[in-house]
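With this note's numbering, letter number 205 in the sequence shown gets 349, and the count goes up by one each step, no holes. Glycine is no exception: its CB is placed at the ideal position from the N, C-alpha and C atoms. From a predicted model like this one, the values you see are computed outputs, not experimental measurements. Scroll down for the structure; my scribbles are underneath it.
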Amino acid sequence: MLKLFWSGSVSGKKNVGFIGLGNIGKPMAKHLIGEDFQLYAYDVLPEAVAELVALGATAAASPADIAGNCHYIGICVRDDRDVENLFYGEGGLLNSAQPNTVLVIHSTVTQVGLLKWAADGRQKGIHVVDAPITGGASGAEAGTLCYMVGGDEEQLEAIRPMISTSADKVVHAGALGTGIALKLCNNLITYAEFAAMSEATRLAEACGLSADVLREVGKSNGVINEQMHSMITNRNKLAAGCNDEQMDQYMGPFGRLGRKDLQCAIDTAAALDIQLPATEFVRDMIEDVFVNKA
145 MLKLFWSGSV SGKKNVGFIG LGNIGKPMAK HLIGEDFQLY AYDVLPEAVA
195 ELVALGATAA ASPADIAGNC HYIGICVRDD RDVENLFYGE GGLLNSAQPN
245 TVLVIHSTVT QVGLLKWAAD GRQKGIHVVD APITGGASGA EAGTLCYMVG
295 GDEEQLEAIR PMISTSADKV VHAGALGTGI ALKLCNNLIT YAEFAAMSEA
345 TRLAEACGLS ADVLREVGKS NGVINEQMHS MITNRNKLAA GCNDEQMDQY
395 MGPFGRLGRK DLQCAIDTAA ALDIQLPATE FVRDMIEDVF VNKA
């Protein structure tokens with residue numbers, strides 16, 4: 145049975161690490177600060193770490209510093225390249241983490257990358273588990289995220305106390321790699337719906353209909369959910385008061401993230417000899433959708 149060999153602080157708390165303190169990672173990590181855990185935090189931006197230190201976390205000098213102090217490390221960085229940079233090299237986690245350490249990847253990455261990192265970790269006695277989330281920054285702040293975990297039952301139970309601090313739902317997707325596969329599939333649906341809703345709203349308004357009527361009918365047959373309506377409404381309200389440059393500043397990052405996430409799904413499918421032509425089409429237009437140009 146997998147058992148975490150806890151390193152402890154002088155206060156008797158269990159040491160846990162977290163790397164990647166962006167708009168989702170930081171609130172996730174914040175929930176680990178409390179009576180049970182001593183959080184070791186690292187980010188390339190010192191100000192992100194400083195905010196958590198003010199709440200009781202310990203600033204780590206490097207990922208290797210976290211690995212030397214913690215057997216549980218959550219990772220919430222942008223993409224495959226960022227994970228690769230964290231895992232490999234002289235100061236990489238695979239060369240600095242202690243045996244039986246669990247590296248939990250919350251990032252949206254490719255399944256082929258995840259399986260490679262896990263295989264390399266096994267050779268050193270290190271566990272890699274995929275546990276991406278849905279719920280966004282607001283869910284991370286509120287502690288209402290849904291985690292999709294890929295790994296065996298023992299690995300799930302080993303990480304459950306930590307991920308539960310920011311979750312209201314934990315789904316065991318299945319074996320290693322199925323957590324990220326579930327996230328990619330969920331993202332695919334979300335972005336495709338967003339693109340379709342954007343075009344439907346534009347057509348409805350051009351035909352003299354209000355977006356509220358479209359929403360009423362869509363809700364009655366289950367086609368439109370509250371989240372999708374909110375996304376379109378908020379984007380349109382923002383667009384009404386912004387020029388193109390401001391829209392790119394506010395919404396552009398979300399569009400670029402959407403393109404990256406959809407590319408992860410396409411790359412994962414390609415590794416399985418599956419083509420996703422509709423997903424490729426949405427990938428190519430999603431940035432324009434977010435800035436209200438499509």
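For Lys404, which residues in the same chain have their Cβ closer than 7 Å to its Cβ, ignoring the five residues on either side in sequence?
Asp223
Please report the Cβ distance between Val273 and Val293, rounded to the nearest whole angstrom; I am assuming they are in contact, meaning their Cβ atoms lie under 8 Å.
7 Å
Out of Thr334, Ile163 and Asp296, which one is the CA nearest neighbour of Arg427?
Closest by alpha carbon: Thr334.
What number of angstroms, rounded off, separates the C-alpha of Asp225 from the C-alpha of Phe398?
It is Arg, not Asp, that sits at residue 225 in the sequence shown. Straight-line Cα distance between these residues: approximately 19 Å.
Between Val197, Ala198, Tyr184 and Glu285, which lies nearest to Ser206 when the distance is taken from Cα to Cα?
Tyr184
Is Leu416 helix, strand or coil by DSSP?
coil
Three-state secondary structure (DSSP) at Lys404?
In the structure shown, Lys404 adopts helical secondary structure according to DSSP, grouped into three states.
For the beta strand (DSSP E) that Cys329 lies in, which residues bound it at each end?
Unbroken run through Cys329 is the alpha helix (DSSP H), Thr322 to Ala350; no beta strand (DSSP E).
For Lys327 and Ala438, what's the separation of their Cα atoms in angstroms?
25 Å
May I have the straight-line CA-CA distance separating Ala383 from Val256, to the nearest angstrom?
38 Å
Can you tell me whether Ala192 is helix, strand or coil according to DSSP?
helix
For Gly218 and Phe162, which I take to be in contact (beta-carbon distance under 8 Å), what is that distance rounded to the nearest angstrom?
5 Å
Expressed to the nearest angstrom, what Euclidean distance is found between the alpha-carbon atoms of Arg304 and Gly200?
22 Å
Could you check whether Thr423 and Ala317 sit closer than 9 Å to each other, using their CB atoms as the reference points?
No; because the gap between Cβ atoms is not below 9 Å, this pair is not in contact.
Determine the direct distance from the alpha carbon of Asp417 to that of Ser308, and round the result to whole angstroms.
36 Å
Report the option in Gly283, Ala211, Trp261 and Cys220 whose CA atom is closest to the CA atom of Gln371.
Gly283
Give every residue of the same chain whose Cβ lies closer than 6 Å to the Cβ of Ala208, excluding the five residues on either side of it in the sequence, and list them in chain order.
Gly235 and Ser240
State the CB to CB distance for the pair Gly352 and Ala275, rounded to an integer number of angstroms; the pair is presumed to be in contact (CB under 8 Å).
Not quite, the Cβ-Cβ distance comes to about 47 Å (not below 8 Å), so this is no contact.
As a quick exercise: from Asn167, Gly178, Lys363 and Ile177, pick the residue whose alpha carbon is nearest that of Leu189.
With distances taken between CA atoms, Leu189 lies nearest to Asn167 out of Asn167, Gly178, Lys363 and Ile177.
Out of curiosity, what's the CA-to-CA distance linking Ala173 and Ala413?
When rounded, the separation of the alpha-carbon atoms in Ala173 and Ala413 is 31 Å.
If you measure between the beta carbons of Gly295 and Ala311, is that distance less than 9 Å?
no
Only counting the same chain, and skipping five residues up and downstream in sequence, which positions put a Cβ closer than 6 Å to that of Asn369?
none
Just to confirm, are Val246 and Ile270 a CB contact at a threshold of 9 Å?
For Val246 and Ile270, yes; Cβs fall inside 9 Å.
Which residue marks the beginning of the alpha helix (DSSP H) containing Lys313, and which one marks its end?
No alpha helix (DSSP H) holds Lys313; the beta strand (DSSP E) holding it covers Ala311 to Gly318.
Under three-state DSSP, which class holds Gln371?
DSSP places Gln371 in the helix class (H, G or I) of the three-state scheme.
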